[in-house]
Amino acid sequence: MLHKTRGIVFKTIPYAESSVIAHIYTEKFGMQAYLINGVKKPKAKISGNMLQALHLLDMVVYHKPHGNLQRIAELKNAPVLQHIPYHIVKSAIALFLNEVLYKAVKHPAPDEPLFEYLFRSVELLDTMTAGLGNFHLYFLIRLTRYLGFYPDTGLAASAPFFDLKNGIYTAILPNHSWILQRPHTEYLNQLLQCSAETLERVHIPLAEKRFLLSRLLDYYRLHIDDLGEIKSHRILEELLS
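Below you can see the structure in the form of structure tokens.
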């Protein structure tokens, strides 16, 4: 049976001589793997360029509820990304976010709020002109809302500590090392409070930004089993320095 769905490319793996297995997060079916034949051929209907990290798709797919590999009948990039593939910083941000998403979002079941957040975030990254240096932090913090461990901000305005294990601001120093302290708690709160339009007004020194990112990745590891090591942020940090 054929189904129409939107999708977001997470990863492609070479298969045989000219085919790939594309891991695509779909609106209707969650995370799915698709076998796509002939993408490396000169006149391929679906080319490898259409399947780059975080490219947005309109798809017509065959779907078997218990199938390990699905098939695609039709595919097109919609909307076509205008800047991410050609802008070195946006490309680095996309690769970093893509690595996190591939390791964090694995469920083969629909989650429309999560899908919509991801789709709109890619569109935002493609079009935004200011605040790029904070976008990866902004994205990761908001993604936690859809993954189930969004920070409790009840004491964010006054508490000096953020407990990464329990996801709460607290006035009492936790009895473990998984914490943020000032000024990083204040930077985190600013990122929680700002919007995409005001993101450029959040000024975080480079060294503090790097530390905050490392702790946010720790926060993810504490709340997502088998997340593993994230490596691509090193390239991003070099470009942002």
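Offset between the sequence shown (1-based) and my numbering: plus 1449.
Backbone N, C-alpha and C fix where the C-beta goes; we use that ideal spot for every residue, glycine too.
Treat the numbers as computed from the prediction; the structure is a model and nothing was measured.
- Cβ-Cβ distances below 8 Å link H1585 to I1542, F1545, L1546, L1662, H1682, L1685 in the same chain, with the five nearest sequence neighbours on each side left out; the list follows chain order.
- In this structure, DSSP gives Q1639 a helical state, which the three-state scheme calls helix.
- Here P1609 is not near N1615, since their CB atoms are 9 Å or more apart.
- Distance from the Cα of E1476 is smallest, within the candidate group H1515, I1533, V1554, for V1554.
- Annotated as proximal: F1611 and H1633, with beta-carbon spacing under 9 Å.
- Out of W1627, I1470, A1579, the CA that lies nearest to the CA of Q1501 is found in I1470.
- Nearest in C-alpha terms to L1505, of all of N1583, L1567, N1498, A1527, is A1527.
- Setting aside the 5 residues that flank it on each side, K1460 is surrounded in the same chain by A1471, H1472, A1502, N1547, Y1551, each with a C-beta closer than 8 Å to its C-beta; the list follows chain order.
- If you look at V1538, you'll find it in the alpha helix (DSSP H) that goes 1537–1553.
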